[in-house]
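Chains as they are written, first to last, in UniProt numbering: chain S, 1 to 371; chain A, 1 to 371.
Note that CB positions come from ideal geometry on N, CA and C, so glycine has one too.
There are 2 protein chains.
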Amino acid sequence: MRLLRLASCIALGLGLAAGGARAETFDTSAGPVEVTRIVSGLDTPWAVAFLPGGNMLITERDGKLLHLDAAGQRIEVDGVPAVRASGQGGLLDVVAANDFARSREIFLTYSEPAEGGAHTAVAVARLSEDAARLENLRVIFRMTPTVSGGRHFGSRVVERADGTLFVTLGERGQDTRAQDVTTHLGKVVRINRDGSIPSDNPDFGPGAAPGLWSIGHRNPQGAALDAEGRLWTVAHGARGGDEINRPEAGRNYGWPVITFGRAYSGLPIGEGTHKEGMEQPVTYWDPSIAPSGMAILSGRMFPGWEGDIFVGSLKDDYVSRLDREGDRVTSEEGLFRGAFARIRDVREGPDGALWFLSEGDGALYRVTPAD
Amino acid sequence: MRLLRLASCIALGLGLAAGGARAETFDTSAGPVEVTRIVSGLDTPWAVAFLPGGNMLITERDGKLLHLDAAGQRIEVDGVPAVRASGQGGLLDVVAANDFARSREIFLTYSEPAEGGAHTAVAVARLSEDAARLENLRVIFRMTPTVSGGRHFGSRVVERADGTLFVTLGERGQDTRAQDVTTHLGKVVRINRDGSIPSDNPDFGPGAAPGLWSIGHRNPQGAALDAEGRLWTVAHGARGGDEINRPEAGRNYGWPVITFGRAYSGLPIGEGTHKEGMEQPVTYWDPSIAPSGMAILSGRMFPGWEGDIFVGSLKDDYVSRLDREGDRVTSEEGLFRGAFARIRDVREGPDGALWFLSEGDGALYRVTPAD
């Protein structure tokens, strides 16, 4: 007889718990919101991308591209290009092409190893149907020159509605070369998906590096389009002077000639804060917060935050909400301050939720209105 | 000038928090495990199904079918059949066909309203590519007879490797009719996907209701296949006598003639616990735990739990792990006792994680080894 009276069995290793919260609730200007950890165990995550159909991609800086689904499966995608994973370099941004549902193509940015060091590169590739590998990978942009060291690669890639790509590029620690139009250092570039240069790009004169859109950036690690399709960026300053900009074609954003920051030595940088022919930032932080990823919310899930800019702080461990009215930022709200470590990327999900990656926690979080 | 010194801004509604856990850790016989809440805000969820590609479906008893993706989008699927949502009836089980990747077909069980009350029904339908609606829905099984009242509909549907479907059916509170082979009350049936009856089904004699596989069940609300493809079920007893069975073709599992339970009045039921021609349960609970969904783990993620049976308790708020050796259950471990309210469904995810639905919390949880 196989019968067993279970009621008299001893429970093994019984986990007793008070049944506490599985998500955290925070008060915000949009009312109470719930922050739920969706993915954990990530190793220095850098970017998250949402795919049509509802799955996600996450880059880890050391060179892994992960595919995640709702059922909790995590696949490491094969065929990612080799990266120079040191300092701030590695596998950086990932974005699904606007036509991903048809093409299954994604864009990656990364620090590509080369003679003399590394440079920021952009690749496009097809994600196989089973998400196991990248196929038909083409490198469509390589920053020049290649520079040694591990600082200021940028980089984010944003696809405009016209199919052209904005790519944000740091100055690799070569500050004055952010003004040198013969290089890609400290620039925003605009390229076509096949790597060619759009014919309506601005003209920076003879000898200019191909693809320049705007110059004089320090290290823009966040970028997003607003509802009108205009580019916004956020860049690291020095000891101060992190900037929000809205880069326009052919303009000069001033680094290192004008800045609201000071050198880490405490000495002033450049010529001050204003100069003819150079643009003022939309807003800036001093001291710096070490801003990384950026999102501009549609308001689909958070109507009160429609059009506002969200930026992750690596240094101060919070998500900044910048109250935006048209071209202006009128105030800042610090969200979740101290609760999550080193916010690396900030995105809007397809349903309008706010998502962020915490490098320190190795985790991906979703923010929704509390029930 | 649009400039604003953000460092001096007042943060609005700043949510300070200690950065506590977003998931709960429990000690178990497989070591520490983490229970993460993946979905919240569900209204009386009944079943969860995993789709190839990584998305999920969840039934809510009142008649909603939800499609969920990793990006947190929750779509209500249109085209679900009308259900009699009262008592224990409503929209019940959901399972993806084994060939879903090609066919996109799913199976649903539900209490279908009809003259005289309701009966358990099984439908197959195609989930549209955008998951917005069910297409080409066919009702492939209807329990007979239709009975009034809201008790004991069952029901789970399990697809065997040969493409036939096991469906577990409660006795609608008509206890003695679980022995009446002219009805589907208190039976397990086996049907083909087109609603026809497999030619190798057992023979219950002239006048038997079509499709019978085994008889004498009370209210089986959990079912799963083991690695050998054999069916296991779990059924509600009365005040005691919840049973785990391994229903074999043509067998009689005894309700209400033999049972280890007593009536809610405290009086004995039937003829005792044993009778010639009637099967003993693999194991039973007395007092009852009100068992619902069941999973048998592959061991992919929890090697120490390979082949073990997991059952959710609605009444005692825990997940039961039944240590299984072949056809025997040798001991029980009570997992997460008291931490989650009314466990309704228990499943293995495609990567081997353990998942469960809490009806009381309105939430879906994933269980993985703690990092």
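Determine whether the beta carbon atoms of E248 (chain S) and A235 (chain S) lie at a separation below 8 Å.
no
Quick check on G293 (chain A): does DSSP put it in helix, strand or coil?
strand
List the whole-angstrom C-beta distance separating G170 (chain S) from V147 (chain S), where the pair is believed to meet the contact cut-off of C-beta under 8 Å.
The pair is not a contact, with the Cβ atoms about 10 Å apart (cut-off 8 Å).
By the criterion of Cβ-Cβ separation under 7 Å, what are the contact partners of F50 (chain A) in chain S?
A71
Counting only the same chain and skipping the five closest in sequence on each side, list residues whose C-beta sits under 8 Å from that of E112 (chain S).
P81, A82, V83, R84, A118, H119, T120, A121, V139, R142
Per DSSP, what kind of secondary structure is Q179 (chain A) in: helix, strand or coil?
helix
Do you know how far the Cα of S288 (chain S) is from the Cα of G241 (chain S)?
6 Å
Which same chain residues, not among the five before or five after A178 (chain S), have their C-beta less than 8 Å away from its C-beta?
E171, L185, G186, K187, I215, G216, H217, R218, W255, P256
Note down the Cα distance separating R190 (chain A) from N201 (chain A), rounded to an integer number of angstroms.
7 Å
In chain order, what residues of the stretch 341-352 of chain A put their CB closer than 9 Å to some CB of chain S?
A341, G349, P350, D351
In its own chain, which residues sit with a C-beta less than 6 Å from the C-beta of E333 (chain S), not counting the 5 before and 5 after it?
S29, R321
Counting only beta-carbon separations shorter than 8 Å, does R37 (chain S) have a partner in chain A?
yes
Does the stretch 341-352 of chain S come close enough to the stretch 323-331 of chain S to have 3 or more Cβ pairs within less than 8 Å?
no
Measuring only the C-alpha atoms, how far is F302 (chain S) from V367 (chain S)?
10 Å
For A49 (chain S), which option in S:G41, S:T59, S:D43, S:T25 has the closest C-alpha, if you only look at C-alpha atoms?
S:T59
Residues of chain S with a CB under 7 Å from the CB of D54 (chain A): which are they?
Reading the sequence as shown, one finds Gly at residue 54 (chain A) and not Asp. By Cβ distance, chain S contributes N55, D69, A70, A71, Q73.
Just checking, does the stretch 36-54 of chain S make contact with the stretch 357-366 of chain S on the three C-beta pairs under 8 Å criterion?
yes
Please state whether the Cβ-Cβ distance between A123 (chain S) and E135 (chain S) is less than 8 Å.
no
Use the C-beta contact count for Y264 (chain A): other C-beta atoms within 10 angstroms, 16 or more gives buried, fewer gives exposed.
exposed
Would you check if there are 3 or more beta carbon pairs closer than 8 Å linking the stretch 265-279 of chain S to the stretch 303-320 of chain S?
no
Just checking: is the beta-carbon of R251 (chain A) within a distance shorter than 8 Å of some beta-carbon in chain S?
no
Relative to the C-alpha of A339 (chain A), which residue among A:V346, A:T330, A:D361, A:E348 is closest?
A:D361
Is A70 (chain A) buried or exposed, if buried means 16 or more other CB atoms sit within 10 Å of its CB?
buried
Could you have a look at R74 (chain S) and say whether DSSP puts it in helix, strand or coil?
strand
Just grab the DSSP bridge partners of R138 (chain A) for me.
A:V124
Between S128 (chain S) and E279 (chain A), what straight-line distance do the alpha-carbon atoms span, to the nearest angstrom?
51 Å
CA-CA distance, W305 (chain S) and G31 (chain S)?
11 Å
Determine the direct distance from the alpha carbon of G87 (chain A) to that of R151 (chain A), and round the result to whole angstroms.
6 Å
Among all the DSSP beta bridges, which residues are the ones paired with P256 (chain A)?
BP columns for P256 (chain A) are empty, so no partner.
Own chain, CB closer than 6 Å to F107 (chain A), minus 5 neighbours either side, in chain order
V95, V124, V157
Look at the Cβ atom of L231 (chain S), then the Cβ atom of F153 (chain S), and state whether they are nearer than 8 Å.
no
Helix, strand or coil: how does DSSP classify R102 (chain A) here?
helix
Straight-line CA distance for T273 (chain A) to T259 (chain A)?
5 Å
Would you kindly work out how many angstroms separate the C-alpha atoms of D308 (chain S) and V77 (chain A), rounded to a whole number?
32 Å
Who are the Cβ neighbours of A21 (chain S) in its own chain at under 7 Å, not counting the five residues just before and after it?
Legend: pLDDT at A21 (chain S) = 33, less than 50; position of this residue unreliable, no value from coordinates given.
Determine, using beta carbons only, whether E359 (chain A) and R342 (chain A) come nearer to each other than 8 Å.
yes
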